[in-house]
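Novice: Numbering of the sequence shown is given in my numbering, commencing with residue 511 and proceeding in unit increments.
Just so you know, even glycine gets a beta-carbon here, dropped at the ideal spot from N, CA and C.
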Amino acid sequence: MFDKPNQLIFYINVILIVFGVLVVLLTDYIVIGLIFAISASILIYAQIRQNKSAFTIADLKKILTVHDTGGNKATLNQTQMTTACHIDNSEYWFRNIRAIGSISSFKINDREPAEQIKENGYYHVCAKLPPELKIINGSDLTLSYEYEGAFTQTEGMLSHVVDHDTKQLHLTVELPQGRPISSARLFCKHDGKEEVLLPPVVSGQTKLEADIKNPKLGAEYCLQWTWPEEGFIKKLSRLF
Numbered sequence: 511m512f513d514k515p516n517q518l519i520f521y522i523n524v525i526l527i528v529f530g531v532l533v534v535l536l537t538d539y540i541v542i543g544l545i546f547a548i549s550a551s552i553l554i555y556a557q558i559r560q561n562k563s564a565f566t567i568a569d570l571k572k573i574l575t576v577h578d579t580g581g582n583k584a585t586l587n588q589t590q591m592t593t594a595c596h597i598d599n600s601e602y603w604f605r606n607i608r609a610i611g612s613i614s615s616f617k618i619n620d621r622e623p624a625e626q627i628k629e630n631g632y633y634h635v636c637a638k639l640p641p642e643l644k645i646i647n648g649s650d651l652t653l654s655y656e657y658e659g660a661f662t663q664t665e666g667m668l669s670h671v672v673d674h675d676t677k678q679l680h681l682t683v684e685l686p687q688g689r690p691i692s693s694a695r696l697f698c699k700h701d702g703k704e705e706v707l708l709p710p711v712v713s714g715q716t717k718l719e720a721d722i723k724n725p726k727l728g729a730e731y732c733l734q735w736t737w738p739e740e741g742f743i744k745k746l747s748r749l750f
């Protein structure tokens with residue numbers, strides 16, 4: 511379950527628990543023994559909890575840029591400070607990527623994914639982690655891809671499924687001038703329930719931003735907006 515440094519820490523804490531219990535049972539220093547046993551137990555619990563996940567993410571920024579008022583072309587960039595919980599973790603999967611339109615041109619750190627899967631309408635892309643990246647100490651991973659025809663409706667959404675322990679999640683939507691936002695909201699879907707969160711920050715009617723601290727593992731966070739139908743003249747101009 512643990513790499514060698516973590517194994518050593520685990521065994522030391524086990525010894526401290528045994529030592530604390532023996533002090534409680536065989537001596538009059540009950541309080542001292544309890545302190546040793548309880549402290550070591552807390553450390554083991556924290557260590558096991560940390561190693562439940564293959565990776566932890568300190569900070570994740572997801573930026574959606576819609577390039578035209580028709581919502582036909584868009585780009586997503588996702589940058590995250592990622593730490594591997596085990597030295598043997600040699601690949602990372604970006605999962606649960608979907609859109610109404612089509613998605614293409616996946617890149618991870620400006621390289622083609624090592625593997626790409628489409629399953630039940632969701633894309634999953636994989637990055638191989640070379641030893642020199644030293645992700646055990648934390649490293650930035652950047653995912654980018656292109657949308658086609660994904661935001662043509664009057665309602666659009668940027669979402670993120672939290673599949674690793676994450677401390678901070680930032681969601682940003684940048685929309686083109688000429689088709690201002692009518693309304694926006696931020697909500698979370700978890701265990702089949704929808705929870706409305708504090709409204710996002712709207713800047714200049716074209717930019718949405720939301721910050722979520724300690725997002726729930728397994729939850730989907732959704733930054734949703736509405737904007738009016740694109741005008742007929744603009745639709746016509748895009749044909750020429």
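Can you look up M511 in the DSSP assignment and give me helix, strand or coil?
Specialist: As a position in the sequence shown, residue 511 is number 1, starting the count at 1. Bear in mind that a pLDDT of 44 at M511, under 50, signals an unreliable position, so the number given afterwards is only what the model happens to contain. Three-state DSSP puts M511 in coil, outside helix and strand.
Novice: Within 10 angstroms of the Cβ of Y731, are there 16 or more other Cβ atoms? Answer buried if so, exposed if not.
Specialist: On the sequence shown, residue 731 is found 221 positions in, with the first residue counted as 1. Buried, since its Cβ has 16 or more Cβ neighbours within 10 Å.
Novice: Would the segment 679 to 687 and the segment 714 to 724 be scored as touching if the rule is three or more Cβ pairs under 8 Å?
Specialist: yes
Novice: Quick one: using the 10 Å Cβ neighbour count with 16 as the cut-off for buried, is G648 buried or exposed?
Specialist: Translated into positions along the sequence shown, residue 648 becomes position 138. Around the Cβ of G648, a 10 Å sphere holds fewer than 16 other Cβ atoms; the residue is exposed.
Novice: Residue range of the beta strand (DSSP E) that A594 falls in?
Specialist: Locating residue 594 in the sequence shown gives position 84, where the first residue counts as 1. Looking at the DSSP string, the run of the beta strand (DSSP E) that includes A594 is K583 to A594.
Novice: With distance defined between alpha-carbon atoms, name the residue in G728, L718 and H700 nearest to T736.
Specialist: Numbered from 1 along the sequence shown, position 226 holds the residue referred to as residue 736. Nearest option by C-alpha distance: L718.
Novice: Which residues bound the beta strand (DSSP E) around N606?
Specialist: Here the question's residue 606 lines up with position 96 in the sequence shown. Unbroken beta strand (DSSP E) run through N606: E601 to I607.
Novice: Hey, how far is the Cα of A550 from the Cα of L535?
Specialist: As a first step, residue 550 must be located in the sequence shown, where it is residue number 40. As a first step, residue 535 must be located in the sequence shown, where it is residue number 25. Approximately 17 Å, taken between the alpha carbons.
Novice: Compute the Euclidean distance between the alpha carbons of M591 and L733, then round it to the nearest angstrom.
Specialist: Locating residue 591 in the sequence shown gives position 81, counting from the first residue. Locating residue 733 in the sequence shown gives position 223, counting from the first residue. Taking the straight line from one Cα to the other gives about 21 Å.
Novice: On the CB-based measure, 16 or more other CB atoms within 10 Å of its CB, does L518 come out buried or exposed?
Specialist: Numbered from 1 along the sequence shown, position 8 holds the residue referred to as residue 518. Exposed, since its Cβ has fewer than 16 Cβ neighbours within 10 Å.
Novice: Start and end of the beta strand (DSSP E) containing G666?
Specialist: As a position in the sequence shown, residue 666 is number 156, starting the count at 1. It spans E665 to V671 - the beta strand (DSSP E) in which G666 sits, taken as one unbroken run.
Novice: CB-CB under 7 Å to P690, same chain, minus the five flanking residues each way: which ones, in chain order?
Specialist: Residue numbering aside, residue 690 sits at position 180 when the sequence shown is read from its first letter. Once the five neighbours on either side are set aside, the close Cβ partners of P690 are Q715, T716 and W737.
Novice: If distances are taken between C-alpha atoms only, which option among I573, L643 and K617 comes closest to S669?
Specialist: On the sequence shown, residue 669 is found 159 positions in, with the first residue counted as 1. That would be I573, whose Cα lies nearest to the Cα of S669.
Novice: Quick one: complete alpha helix (DSSP H) runs, 4+ long, within the segment 608 to 689?
Specialist: none
Novice: Below 8 Å, how does it come out for the segment 625 to 644 and the segment 603 to 611: are there three or more Cβ pairs, yes or no?
Specialist: Taking 8 Å as the limit for Cβ pairs, the verdict is that the segment 603 to 611 does touch the segment 625 to 644.
Novice: Taking 7 Å as the limit between beta carbons, can you name the residues of its chain near A584, skipping five residues before and five after?
Specialist: The residue given as residue 584 occupies position 74 in the sequence shown. So the qualifying residues of the chain are L574, T575, V576, H577, Y657, A660 and F661.
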